[in-house]
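Colleague: Once you've had a glance at the structure underneath, I'll fire off some questions.
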Amino acid sequence: MAKKTLQEQTIKNNFVFAAAMMEGNNSKAFLSCVLDKKIERVIISYEKSIVYHPEQKGIRLDVFCEDEEHTHYNVEMQVLNKKILKRARYYHGQIDMEMLLAGMEYEELPDSFVIFLCDFDPFGGGKYQYTAQMKLKELPEAEYDDGTHTIFLSTKGRNAAEVPKELAAFLQFAGASLEESEADYESNLVRQFQNSVHKIKSDREMRSRYMLFEEMMRDEFKAGRAEGRADYIAEMVLQNKAKGRTVAEIAEFLNEDVSVIAAIYGVDGDSGAGAGET
31 MAKKTLQEQT IKNNFVFAAA MMEGNNSKAF LSCVLDKKIE RVIISYEKSI
81 VYHPEQKGIR LDVFCEDEEH THYNVEMQVL NKKILKRARY YHGQIDMEML
131 LAGMEYEELP DSFVIFLCDF DPFGGGKYQY TAQMKLKELP EAEYDDGTHT
181 IFLSTKGRNA AEVPKELAAF LQFAGASLEE SEADYESNLV RQFQNSVHKI
231 KSDREMRSRY MLFEEMMRDE FKAGRAEGRA DYIAEMVLQN KAKGRTVAEI
281 AEFLNEDVSV IAAIYGVDGD SGAGAGET
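Right under this line is the structure:
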């Protein structure tokens with residue numbers, strides 16, 4: 031499939047979403063809409079927004095910011111349902127760790143929000159918004175507020191009457207095709223983001239950044255395929271070794287070099303030894 035140019039992308043593209051959200055007024059308006067409260071000011075941590083994290087084996091492109099009350103936010107677009115519950119847990123931990131390393135005490139930790147904008151329904155309930163909340167199993171009516179909040183927004187919601195009109199409109203816009211994304215959603219928030227997307231697409235520097243990001247993503251994909259192939263081979267060798275098949279037989283089946291199979295199998299590559307042989 032041919033790669034899309036920046037002009038062909040919509041807000042659901044990670045780069046476009048992050049670039050739009052990194053405009054302070056957009057982040058402020060988005061968070062005010064999602065949280066249904068007035069946020070006067072946000073400070074965006076630009077240096078944390080597009081980074082490579084070796085421990086996650088991939089590029090993270092998200093938006094970190096805090097408001098006037100020092101509440102911290104991590105906002106990320108998600109187009110694939112890839113272990114987002116564990117990602118949310120990791121992000122909350124990262125936010126806390128950074129503040130503790132900066133000298134903050136446990137009792138001083140501010141609230142933190144991890145917000146995923148998903149182009150799928152993460153829980154299958156047809157909701158535009160899912161809010162995770164900690165509870166005690168043995169006493170569910172008791173208050174348990176550790177200051178961490180996780181919100182999953184879905185472009186596939188079907189309950190527009192149950193959420194603010196602006197939020198439903200924005201999520202419909204976020205899930206729209208290129209042509210549909212230019213429609214009038216009768217929403218000030220959507221118009222604000224539509225204007226930002228237009229500016230991003232017409233900015234020469236943004237086009238250069240987009241091309242660099244896409245190249246990084248392609249390199250990551252190639253590395254991931256290579257790693258996935260290695261994991262597959264290792265698993266197949268172990269399975270076939272348990273069935274008594276020889277190194278030569280497994281190598282022929284997988285169309286792989288005998289020395290590679292032997293190294294995983296645990297024998298000399300020149301011996302041709304099979305299971306149980308010495």
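For the sequence shown, the numbering used here gives the first residue as 31, with consecutive numbering after it.
We treat Cβ as the ideally placed atom computed from N, Cα and C, and that holds for glycine.
(1) Candidates 152, 201, 195: which alpha carbon is nearest residue 180's?
(2) What do you reckon, are the CB atoms on residue 55 and residue 107 nearer than 7 Å?
(3) Using DSSP with H/G/I as helix, E/B as strand and the rest coil, what is residue 88?
(4) Buried or exposed: residue 116, going by 16 or more other Cβ atoms within 10 Å of its Cβ?
(5) Roughly how many angstroms lie between the CA atoms of residue 243 and residue 104, to the nearest whole one?
(6) Who pairs with residue 107 in a beta bridge, going by DSSP?
(7) Within the continuous beta strand (DSSP E) that includes residue 183, where are the two ends?
(8) Across which residues does DSSP place residue 93 in a beta bridge pair?
(9) Tell me the residue span of the beta strand (DSSP E) that contains residue 159.
(10) In the structure shown, what three-state DSSP assignment does residue 72 receive?
(11) On a Cα-Cα basis, can you pick out the residue from 280, 201, 36, 213 that is closest to residue 182?
(12) Is residue 111 closer than 7 Å to residue 150 when the C-beta atoms are compared?
(13) According to DSSP, what are the bridge partners of residue 142?
(14) My assumption, with CB atoms under 8 Å, is that residue 194 sits in contact with residue 66. Please give the rounded CB distance.
(15) Give me the Cβ distance between residue 41 and residue 227, rounded to the nearest whole Å; I'm assuming they're in contact under 8 Å.
(16) Tell me which same chain residues have a C-beta within less than 7 Å of the C-beta of residue 122, skipping the five on either side of it?
(17) Once you ignore the five residues that flank residue 237 on each side, which residues in its own chain have a CB closer than 6 Å to its CB?
(18) When the Cα of residue 76 is compared with those of 164, 100, 50, which residue comes out closest?
(19) Considering only C-alpha positions, which residue in the set 209, 196, 48 is nearest to residue 220?
(20) Would you tell me roughly how many angstroms separate the C-alpha atoms of residue 86 and residue 158, rounded to the nearest one?
Modeller: Well, looking at it:
(1) In the sequence shown, the residue the question calls residue 180 occupies position 150. For residue 180, the nearest C-alpha among the options comes from 152.
(2) Here the question's residue 55 lines up with position 25 in the sequence shown. Here the question's residue 107 lines up with position 77 in the sequence shown. Cβ distance not < 7 Å, so residue 55 and residue 107 don't count as in contact.
(3) Position 58 of the sequence shown holds residue 88. Unreliable placement is indicated for residue 88, whose pLDDT of 49 sits below 50; the coordinate value is still reported in the next sentence. Note: residue 88 maps to strand in three-state DSSP.
(4) On the sequence shown, residue 116 is found 86 positions in, with the first residue counted as 1. Counting Cβ neighbours within 10 Å, residue 116 comes out exposed, since fewer than 16 surround it.
(5) In the sequence shown, counting from the first residue as 1, residue 243 sits at position 213. In the sequence shown, counting from the first residue as 1, residue 104 sits at position 74. So the two alpha carbons sit approximately 20 Å from each other.
(6) By one-based count along the sequence shown, residue 107 stands at place 77. Paired residues: 147.
(7) Residue 183 sits at position 153 when you count from the first residue of the sequence shown. Unbroken beta strand (DSSP E) run through residue 183: 178 to 184.
(8) The residue labelled residue 93 in the question sits at position 63 within the sequence shown. In the DSSP output, where bridge partners are listed per residue, residue 93 has 105.
(9) Residue numbering aside, residue 159 sits at position 129 when the sequence shown is read from its first letter. Residue 159 -> beta strand (DSSP E) spans 159 to 162.
(10) Walking along the sequence shown from the start, residue 72 turns up at place 42. Strand, per DSSP.
(11) Counting from 1 along the sequence shown, the entry for residue 182 is found at position 152. That would be 201, whose Cα lies nearest to the Cα of residue 182.
(12) On the sequence shown, residue 150 is found 120 positions in, with the first residue counted as 1. On the sequence shown, residue 111 is found 81 positions in, with the first residue counted as 1. Yes, they are a contact pair.
(13) For the purposes of this step, residue 142 is taken as residue 112 along the sequence shown, with counting starting at 1. Residue 142 is bridged to 102, 178.
(14) By one-based count along the sequence shown, residue 194 stands at place 164. By one-based count along the sequence shown, residue 66 stands at place 36. By a beta-carbon distance limit of 8 Å, residue 194 contacts residue 66. Their separation comes to about 6 Å.
(15) Along the sequence shown, read from residue 1 onward, the residue named residue 41 stands at position 11. Along the sequence shown, read from residue 1 onward, the residue named residue 227 stands at position 197. Indeed they touch by this definition, with Cβ atoms about 6 Å apart.
(16) Numbered from its first residue, the sequence shown carries residue 122 at position 92. Taken in chain order, the residues that qualify are 142, 144, 178.
(17) By 1-based counting over the sequence shown, the position of residue 237 is 207. Cβ within range, chain order: 36.
(18) Residue numbering aside, residue 76 sits at position 46 when the sequence shown is read from its first letter. The shortest C-alpha separation from residue 76 is found at 50.
(19) As a working note, residue 220 is residue 190 in the sequence shown. For the residues 209, 196, 48, the minimum Cα distance to residue 220 belongs to 196.
(20) Translated into positions along the sequence shown, residue 86 becomes position 56. Translated into positions along the sequence shown, residue 158 becomes position 128. With a pLDDT of only 43 at residue 86, under 50, the local geometry of the prediction cannot be trusted, and the value read off the model is given with reservation. Residue 86 and residue 158: Cα-Cα distance of roughly 28 Å.
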